Amino acid sequence: MLLARFPRVFLAHLPTPLERLDRLSRELGGPEIWIKRDDCTGLSTGGNKTRKLEFLMAEAQAQGADTVMTQGATQSNHARQTAAFAAKLGMACHILLEDRTGSNDPNYNSNGNVLLDHLHGATTEKYPGGEDMNAALEAAAERVRAEGRTVYTIPGGGSNPTGALGYVNCAFELVGQANDRGLVIDRIVHATGSAGTQAGLVTGLKAINAQIPLLGYGVRAPKDKQEENVFALACATADKLGCADIVSREDVVADTTYVGPGYGIPRADTIEAIRMFAELEGILLDPVYSGKGAAGLIDYCRKGIFKKGERIVFLHTGGAAGLFGYDAVFADGALSASA
Ligand SMILES: *Cc1c(COP(=O)(O)O)cnc(C)c1O
133 MLLARFPRVF
143 LAHLPTPLER
153 LDRLSRELGG
163 PEIWIKRDDC
173 TGLSTGGNKT
183 RKLEFLMAEA
193 QAQGADTVMT
203 QGATQSNHAR
213 QTAAFAAKLG
223 MACHILLEDR
233 TGSNDPNYNS
243 NGNVLLDHLH
253 GATTEKYPGG
263 EDMNAALEAA
273 AERVRAEGRT
283 VYTIPGGGSN
293 PTGALGYVNC
303 AFELVGQAND
313 RGLVIDRIVH
323 ATGSAGTQAG
333 LVTGLKAINA
343 QIPLLGYGVR
353 APKDKQEENV
363 FALACATADK
373 LGCADIVSRE
383 DVVADTTYVG
393 PGYGIPRADT
403 IEAIRMFAEL
413 EGILLDPVYS
423 GKGAAGLIDY
433 CRKGIFKKGE
443 RIVFLHTGGA
453 AGLFGYDAVF
463 ADGALSASA
């Protein structure tokens with residue numbers, strides 16, 4: 133499989149490191165936990181959207197776009213990475229931000245990723261929660277086109293078959309690293325949202341017959357919906373690569389029990405996971421995605437679902453810029469164990 137056939141802007145810092153988490157592994161007393169550092173992709177504090185944007189922004193350039201537009205939640209990491217990528221390529225960037233949490237916290241609404249969107253020169257526009265955001269994006273793009281601009285729209289999370297190529301690439305990269313050091317990976321886990329990361333990974337793993345099970349910890353949708361979204365996108369991605377039908381429905385597994393109260397709202401186990409990674413490993417997670425993924429990983433270790441001797445790779449998808457929009461949840465007693 134030759135990804136070089138697809139246009140790509142090489143901008144991410146790759147390969148991202150693959151590291152063993154000794155102190156966390158010891159603390160949990162079960163499997164050997166490894167981390168794939170996609171928080172270190174290099175663009176404006178990093179994160180998983182940079183890999184997708186390498187392919188998406190190349191397509192935008194090929195279409196002669198002078199403006200990119202996308203959408204996400206207020207503290208969207210995807211929006212921030214898109215704004216930074218557009219700055220690098222000299223394109224205008226306009227972002228539609230959906231208020232999914234109803235938070236009035238000034239830091240949530242203007243610090244963290246929102247601060248960085250604006251620093252990169254992007255313009256933003258707010259929408260109420262529950263809006264059909266991909267429809268709103270197309271309508272807004274039509275308005276900007278009427279002003280004479282050439283607009284390339286990117287769906288939420290950069291999750292379409294073009295963006296998912298970034299995670300097909302990540303699957304190849306990770307398996308290559310494992311081969312180089314004789315590391316037999318028993319499972320890969322990560323936070324799953326708009327589905328592009330999991331869809332790209334599952335497609336890439338199947339394409340090279342890696343035989344490594346993949347598990348996504350959901351951050352928003354219920355299990356059936358999440359798995360259906362990932363499966364549909366994986367099929368479309370495999371089709372784009374010319375290997376339709378390599379992914380089967382059973383290859384796509386999500387556990388959505390760590391979502392907690394809802395998208396963008398951390399629970400006590402989310403905060404505990406963030407504190408454990410910070411205090412034991414010096415690694416920053418985030419309250420929307422990677423903190424919930426890590427909460428799932430920790431719980432599976434404690435329950436013995438992930439067993440001693442197994443090697444689990446946690447794909448760190450980034451998001452730490454969002455911490456500065458969520459300082460309130462780290463105040464003592466902000467979240468009780470039952471929250
Ligand atoms: C977007 C995002 C995810 C989820 O990736 P998807 O491809 O949308 O499923 C996970 N972690 C972080 C930090 C993200 O920004």
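Residue numbers (this note's numbering): 133 to 471.
Glycine residues also receive a C-beta, built at the ideal position from the N, C-alpha and C atoms.
On a predicted model such as this, the values are computed, not experimentally measured, just so you know.
Identify, in the order they occur along the chain, each residue of the same chain with its Cβ nearer than 6 Å to the Cβ of Y240, setting aside the five sequence neighbours on each side.
Within the same chain, Cβ atoms closer than 6 Å to the Cβ of Y240 are found at G457, the five residues on either side in sequence being excluded.
Which value, in whole angstroms, describes the spacing of the CA atoms of A368 and A376?
Distance between the alpha carbons of A368 and A376: 8 Å.
How about the stretch 382-397 and the stretch 308-315: do they share at least three Cβ pairs that are nearer than 8 Å?
At 8 Å Cβ cutoff, the stretches do not touch.
Following the continuous alpha helix (DSSP H) through I403, name the residue where it begins and the one where it ends.
Run containing I403: 400-408, per the alpha helix (DSSP H) assignment.
Report all residues from its chain with a CB closer than 7 Å to the CB of A471; omit the five preceding and five following residues, and keep chain order.
Residue placement at A471 is poorly supported in this model, since its pLDDT is 43, which falls under 50; the coordinates still yield a value, given next. If the five residues before and after A471 are omitted, its C-beta is found closer than 7 Å to the C-beta atoms of R399, A400, all from its own chain and listed in chain order.
Would you tell me roughly how many angstroms separate the C-alpha atoms of A273 and E404, rounded to the nearest one?
Taking the straight line from one Cα to the other gives about 41 Å.
Just verifying my parser: in three-state terms, what is the DSSP assignment at R183?
Reduced to three states, the DSSP call for R183 is helix.
Straight-line gap, L365 to N180 (C-alpha atoms, nearest Å):
Between L365 and N180, the C-alpha separation is close to 17 Å.
A426 to A323 span [Cα, whole Å]:
In this model, A426 and A323 are separated by some 8 Å (Cα to Cα).
Applying the 10 Å Cβ sphere with the 16-neighbour rule, what's the burial state of G394?
G394 comes out exposed.
Whole-angstrom distance between I165 and S208, CA atom to CA atom
Just so you know, the alpha carbons of S208 and I165 end up roughly 27 Å apart.
With distance defined between alpha-carbon atoms, name the residue in L156, A215, G204 nearest to L185.
Comparing Cα-Cα distances from L185 to each of L156, A215, G204, the minimum goes to A215.
What is the DSSP secondary structure of L467, counted as helix, strand or coil?
Judged by DSSP in its simplified three-state form, L467 adopts coil rather than helix or strand.
DSSP state of H226 mapped onto helix, strand, coil:
In the structure shown, H226 sits in a strand (DSSP, three-state: E or B).
Use the C-beta contact count for L86: other C-beta atoms within 10 angstroms, 16 or more gives buried, fewer gives exposed.
This structure does not reach residue 86, given that the chain is present from 133 up to 471, and the question cannot be answered.
Rounded distance between the beta-carbons of T282 and L269, thought under 8 Å
The C-beta separation of L269 from T282 comes to about 16 Å, leaving the pair out of contact by the 8 Å criterion.
What residues in its chain sit with their C-beta under 7 Å from that of G126, if we drop five residues either side in the sequence?
Coverage of the chain is limited to positions 133 through 471, which leaves residue 126 absent and any answer about it impossible.
Keeping to the same chain, check which residues put their C-beta closer than 7 Å to that of C433; ignore five residues upstream and five downstream.
Listed in chain order, the non-local C-beta contacts of C433 below 7 Å within the same chain comprise L160, G162, P163, local neighbours out to five positions each way being set aside.
Top-ranked residue by Cα proximity to E191, from S235, L221, A453, V307:
The residue with the shortest Cα to Cα distance from E191 is L221.
Alpha-carbon spacing of G308 relative to D464, whole angstroms:
Rounded to whole angstroms, G308 to D464 spans 43 Å at the Cα level.
Assuming contact is defined by CB atoms lying nearer than 7 Å, are R443 and I317 in contact in what I supplied?
Yes.
First and last residue of the uninterrupted alpha helix (DSSP H) at H322
No alpha helix (DSSP H) contains H322, which is instead part of the beta strand (DSSP E) from 319-324.
Three-state secondary structure (DSSP) of L134
In this structure, L134 counts as coil in the three-state DSSP scheme.
Heavy atom of ligand 1 less than 6 Å from the Cβ of T148, yes or no?
Checking the 6 Å criterion, the Cβ of T148 is out of range of every heavy atom belonging to ligand 1.
Quick one: is the Cβ of A323 within less than 6 Å of any heavy atom of ligand 3?
Within the structure as shown, ligand 3 is missing, the only ligands being ligand 1.
Boundaries (first-last residue) of the beta strand (DSSP E) holding A205:
It spans 199-205 - the beta strand (DSSP E) in which A205 sits, taken as one unbroken run.
Whole-angstrom C-beta distance between L229 and A211, which should lie under 8 Å
Correct: roughly 7 Å between the Cβ atoms.
Quick one: is L134 buried, meaning 16 or more other Cβ sit within 10 Å of its Cβ, or exposed?
By the neighbour-count definition (other C-beta atoms within 10 Å, threshold 16), L134 is an exposed residue.
Please state whether DSSP places A386 in a helix, a strand or coil.
Looking at A386 - three-state DSSP - the assignment turns out to be strand.
Verify the contact flag: A327, CB atom, against every heavy atom of ligand 1, threshold strictly below 6 Å.
Yes, ligand 1 has a heavy atom inside 6 Å of this Cβ.
Compute the Euclidean distance between the alpha carbons of A469 and F462, then round it to the nearest angstrom.
Only weak support exists for where A469 lies, its pLDDT of 49 falling under 50; the value from the coordinates is given anyway. Between the alpha carbons of A469 and F462 lies a gap of roughly 13 Å.
How big is the Cα-Cα spacing for I415 and G450?
Roughly 10 Å separates the two Cα atoms.
Starting from the C-beta of A144, find all residues in its chain whose C-beta is less than 7 Å away, skip the five residues before and the five after it, and write them out in chain order.
Closer than 7 Å at the Cβ level, and outside the excluded window around A144, lie T173, G174, L175, T182, R183, E186.
Proximity to R152 [Cα-Cα], best of G454, H448, D459, L455
The shortest Cα separation from R152 among G454, H448, D459, L455 belongs to H448.
Enumerate in chain order the residues of its own chain whose CB-to-CB distance from R155 is below 8 Å, with the five nearest sequence positions on each side excluded.
Taken in chain order, the residues that qualify are L412, E413.
Give the C-beta separation of V379 and G396 to the nearest angstrom, bearing in mind that I take them to be a contact with Cβ-Cβ under 8 Å.
At roughly 29 Å, the Cβ-Cβ gap does not stay under 8 Å, so V379 and G396 are not in contact.
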